[in-house]
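Residue numbers (my numbering): 585 to 880.
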């Protein structure tokens, strides 16, 4: 299963209808929790996401709306007797804050801290890029390796069926039949998380070719001056980022509490998003990743 579960969509302060930030990206056997703001433990319950399923927690930065839910989530995992290691990734300049928050949690969890200070791979398939905000901030990108899509008609013609299909995929050859004879190349899936930032090269690198991009959309276009002052994206800038990067699905979140009706933000993003499908996220929404694309 690969899907994005939106736990909260508010920036800075929650509203009557929007909880603080929080996102779970379910990726095969792993579940990545991004930016757990206050109330994340309850939102996990409402979303039907079991805390023991979480294997990695990723903080883009240590502002409170992106991190103050961490002690509660960790304590809940202790209560649920999670035995597997939980990896926590975060910007190195936030070390003191992260250790203070983790120190508030109930002891008993195998929590492994992974600070990062530069762009690069921080875990298998998981990379970070620096963003442009008021404190050290990084976005995240998950990348699946390219592979091949099996073609049933070619498998049948070659007489390959049952367990032999798995052997062919594993070994690349089964007798005279090669894997490339019965399949076509396909590109691995890519998902990216771009939270608090002004437009910058790091955001562009994260979004490049993403099948799903979760992007902040704090301000409407008419409030571009505020966005520039506080180093955030407007709706139109989020759409333009998706268009320039060839993103397939853009999910907007992190909305300022000044906007009750988010429809206008969605329209501003769509006007500049090119061919990307644009969703204005609501708390507890779920978005599956688009089907893998064949390699031309």
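Ideal placement from N, C-alpha and C gives every residue a C-beta, glycine not left out.
- Query: Helix or strand or just coil, what does DSSP make of residue 816?
  - Reply: The answer is coil: DSSP assigns residue 816 none of H, G, I, E or B.
- Item | Environment of residue 725 [buried if 16+ CB atoms lie within 10 Å] | By the Cβ-count criterion, residue 725 is buried, with 16 or more other Cβ atoms from all chains shown falling within 10 Å of its own Cβ.
- Query: Are there 16 or more other CB atoms within 10 angstroms of the CB of residue 651, so buried, or fewer, so exposed?
  - Reply: Buried, because 16 or more other Cβ atoms sit within 10 Å of the Cβ of residue 651.
- Task: Quick one: residues in its chain with C-beta nearer than 7 Å to the C-beta of residue 767, no 5 flanking neighbours on either side, listed in chain order?
- Result: Contacts found: 732, 733, 734, 735.
- Item | Presumed contact (8 Å Cβ cut-off) between residue 836 and residue 812, rounded CB distance | No, residue 836 and residue 812 are not in contact; Cβ-Cβ is about 19 Å, not under 8 Å.
- Compare the C-alpha of residue 719 against each of 690, 696, 729, 677 and name the closest. The option with the nearest alpha carbon to residue 719 is 677.
- Message: Assess contact between the stretch 795-813 and the stretch 780-787, defined as three or more Cβ pairs (one per stretch) separated by less than 8 Å. Is contact present?
- Response: The way I'd put it, the stretch 795-813 does touch the stretch 780-787; three or more beta-carbon pairs between them come closer than 8 Å.
- Query: Looking at the unbroken alpha helix (DSSP H) that takes in residue 850, where does it start and where does it end?
  - Reply: Per DSSP, the unbroken alpha helix (DSSP H) holding residue 850 starts and ends at 847-856.
- Report yes or no: do three or more beta-carbon pairs, one from the stretch 587-595 and one from the stretch 860-872, lie closer than 8 Å? Yes, the stretch 587-595 is in contact with the stretch 860-872.
- Query: Okay, do the stretch 623-642 and the stretch 661-679 touch, 3+ Cβ pairs below 8 Å being the bar?
  - Reply: Yes, they touch.
- Is the distance from the Cβ of residue 609 to the Cβ of residue 775 below 8 Å? Yes. Within cutoff.
- CA nearest to the CA of residue 706, picked from 739, 856, 640: When the alpha-carbon of residue 706 is set against those of 739, 856, 640, the nearest one is in 640.
- Query: For residue 778, which of 645, 611, 690, 615 has the nearest alpha-carbon?
  - Reply: It is 645 whose Cα lies nearest to the Cα of residue 778.
- Message: With distance defined between alpha-carbon atoms, name the residue in 770, 753, 746 nearest to residue 729.
- Response: Of the listed residues, the one whose Cα sits closest to residue 729 is 770.
- Are the stretch 590-605 and the stretch 827-834 touching by the rule of at least three beta carbon pairs closer than 8 Å? Fewer than three pairs of CB atoms, one per stretch, sit closer than 8 Å, so the stretch 590-605 makes no contact with the stretch 827-834.
- Task: Give, in chain order, every unbroken run of the beta strand (DSSP E) that is at least 3 residues long and sits entirely within the stretch 773-804.
- Result: Restricting attention to beta strand (DSSP E) runs no shorter than 3 residues, the stretch 773-804 encloses them at 774-778, 796-800, ordered along the chain.
- Minimum C-alpha distance to residue 817 - residue among 849, 845, 794, 629: Checking every option, the nearest Cα to that of residue 817 belongs to 849.
- Message: How far does the beta strand (DSSP E) with residue 707 in it extend, from its first residue to its last?
- Response: Per DSSP, the continuous beta strand (DSSP E) segment holding residue 707 begins and ends at 704-707.
- Task: State the beta-bridge partners of residue 759 as determined by DSSP.
- Result: According to DSSP, which records beta bridges pairwise, residue 759 is partnered with nothing at all.
- Report buried or exposed for residue 595, applying the criterion of at least 16 other Cβ atoms within 10 angstroms of its Cβ. Around the C-beta of residue 595, 16 or more other C-beta atoms lie within 10 Å, and the residue is accordingly described as buried.
- Query: Taking the beta strand (DSSP E) that residue 767 falls in, what are its first and last residues?
  - Reply: Its beta strand (DSSP E) spans residues 767-770.
- Contacting residues, own chain, Cβ-Cβ under 7 Å from residue 744 (five flanking each side not counted): Around residue 744: 752, 758, 761, 766.
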